[in-house]
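Undergrad: So that we are looking at the same thing, I have put the structure below in structure tokens.
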Amino acid sequence: MAGSRKNSSWFRVVSSMLLFNRRTFLLSVVALAGCGFQPAYGPNGGATALRGMVRVAQPEDRESYTLAHKLEDIFAQPQAEKYLLTYKITTSEDAVGITPDQEITRYHVKGSAKYALTTVADGQTVASGEAASFTAYSATGSTVSSVTATRDAYDRLMSILADQIAAQIQAKIAIQK
Numbered sequence: 295m296a297g298s299r300k301n302s303s304w305f306r307v308v309s310s311m312l313l314f315n316r317r318t319f320l321l322s323v324v325a326l327a328g329c330g331f332q333p334a335y336g337p338n339g340g341a342t343a344l345r346g347m348v349r350v351a352q353p354e355d356r357e358s359y360t361l362a363h364k365l366e367d368i369f370a371q372p373q374a375e376k377y378l379l380t381y382k383i384t385t386s387e388d389a390v391g392i393t394p395d396q397e398i399t400r401y402h403v404k405g406s407a408k409y410a411l412t413t414v415a416d417g418q419t420v421a422s423g424e425a426a427s428f429t430a431y432s433a434t435g436s437t438v439s440s441v442t443a444t445r446d447a448y449d450r451l452m453s454i455l456a457d458q459i460a461a462q463i464q465a466k467i468a469i470q471k
């Protein structure tokens, strides 16, 4: 019975697929190692160039607190404060899901954050730009669930904006080097 399985066409197809996947994986690993691939947030990755050097401006409200907290996670607490990161957040909300009874069931939240990375020593702007994104939430259910969904949507939006800001800054710093 075991010998007949090995001779079946199904077994040969599966075996060749597994072998192909193994070969592809091994070739991918060799190619990545050969090209100098390195995780961005790894010990010597490109994202570590600013780690411990950026002080994020103090938050003023719930959204800016979430953005600042995420940026501090990315850049770490400043050990040798070299840069100051300031930002201005703008958000808007649009109703996108409306029932026949004119009740709003879904909201689309858009947001942007203009930022500037300046040197602490002389205030010179090193990098500046704008990050923008959107998210949505459902307003159906109880008041508590709607409030929670709203807060969660804004938290997700601030997290996305923080990731974009960090990526843009790191790219601009890498180009300047």
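Take our numbering: the final residue in the sequence shown is number 471, and no numbers are missing along the way.
Note that beta-carbon positions come from the ideal geometry of N, C-alpha and C, so glycine has one too.
#1: Can you give me the start and stop residues for the alpha helix (DSSP H) that Leu249 sits inside?
#2: Taking DSSP as the reference, what is the three-state secondary structure of Asp416?
#3: Compute the Euclidean distance between the alpha carbons of Arg352 and Tyr359, then round it to the nearest angstrom.
#4: How would you call Gly405, buried or exposed, if buried means at least 16 neighbouring beta carbons within 10 angstroms?
#5: Which of the three DSSP states is assigned to Lys376 in this structure?
#6: Helix, strand or coil, according to DSSP, for Arg356 in the structure here?
#7: Can you tell me whether Ile392 is buried or exposed, with buried defined as 16 or more other CB within 10 angstroms of its CB?
#8: Measure the CB-CB distance between Ala426 and Gln458 and report whether it falls below 9 Å.
#9: Measure the CB-CB distance between Ile368 and Ala407 and report whether it falls below 9 Å.
#10: If I'm right that Thr399 touches Ala433 with Cβ under 8 Å, what's the distance once you round it to whole angstroms?
#11: Sort Thr413, Phe428 and Gln418 by Cα distance to His402 and report the nearest one.
#12: Taking the beta strand (DSSP E) that Arg349 falls in, what are its first and last residues?
#13: Given Thr444, which residues of its chain have a CB within under 7 Å of its CB, disregarding the five upstream and five downstream residues?
#14: Rounded to the nearest angstrom, what separates Gly346 and Glu387 at their Cα positions?
#15: Taking Ile469 as the reference, give the member of Ile454, Gln371, Val420 and Glu397 with the closest Cα.
#16: In terms of alpha-carbon separation, which member of Gln464, Ser453 and Ala465 lies closest to Leu361?
#17: Based on the DSSP secondary-structure assignment, which residues constitute the bridge partners of Arg400?
#18: For Val348, is the classification buried or exposed, using 16 other Cβ atoms within 10 angstroms of its Cβ as the cut-off for buried?
TA: In this structure, then:
#1: Any question about residue 249 goes unanswered here, given that the chain covers just 295 to 471.
#2: Within the sequence shown, residue 416 is the residue found at index 122, counting from 1. In the structure shown, Asp416 sits in coil (DSSP, three-state: anything other than H, G, I, E or B).
#3: Indexing the sequence shown from 1 puts residue 352 at position 58. Indexing the sequence shown from 1 puts residue 359 at position 65. The displayed chain sequence assigns Gln, not Arg, to residue 352. Each residue's Cα considered, the two are about 8 Å apart.
#4: Start at 1 with the first residue of the sequence shown, and residue 405 comes out as number 111. Buried, by the Cβ-count rule.
#5: Position 82 of the sequence shown, counting from 1, holds the residue named residue 376. In the three-state DSSP reduction, Lys376 falls in the coil class, being neither helix nor strand.
#6: Position 62 of the sequence shown holds residue 356. Reduced to three states, the DSSP call for Arg356 is helix.
#7: Position 98 of the sequence shown, counting from 1, holds the residue named residue 392. Exposed.
#8: For the purposes of this step, residue 426 is taken as residue 132 along the sequence shown, with counting starting at 1. For the purposes of this step, residue 458 is taken as residue 164 along the sequence shown, with counting starting at 1. For the 9 Å CB-CB criterion, Ala426 and Gln458 form a contact.
#9: Counted from its first residue, the sequence shown places residue 368 at position 74. Counted from its first residue, the sequence shown places residue 407 at position 113. The answer is no: Cβ separation not under 9 Å.
#10: Reading the sequence shown from its first residue, position 105 is the one you call residue 399. Reading the sequence shown from its first residue, position 139 is the one you call residue 433. The Cβ separation is near 6 Å, so the contact holds.
#11: Counted from its first residue, the sequence shown places residue 402 at position 108. Ranking Thr413, Phe428 and Gln418 by Cα distance to His402 puts Phe428 first.
#12: The residue given as residue 349 occupies position 55 in the sequence shown. It spans Val348 to Val350 - the beta strand (DSSP E) in which Arg349 sits, taken as one unbroken run.
#13: Locating residue 444 in the sequence shown gives position 150, counting from the first residue. Result list for Thr444: Tyr431, in chain order.
#14: Residue 346 sits at position 52 when you count from the first residue of the sequence shown. Residue 387 sits at position 93 when you count from the first residue of the sequence shown. Roughly 35 Å between the two C-alpha positions.
#15: By one-based count along the sequence shown, residue 469 stands at place 175. Out of Ile454, Gln371, Val420 and Glu397, the CA that lies nearest to the CA of Ile469 is found in Val420.
#16: By one-based count along the sequence shown, residue 361 stands at place 67. Checked all of Gln464, Ser453 and Ala465; the closest Cα to Leu361 is Ser453.
#17: In the sequence shown, counting from the first residue as 1, residue 400 sits at position 106. Bridge partners of Arg400: Gly391 and Ser432.
#18: For the purposes of this step, residue 348 is taken as residue 54 along the sequence shown, with counting starting at 1. Classification of Val348: buried, given that the 10 Å Cβ count is 16 or more.
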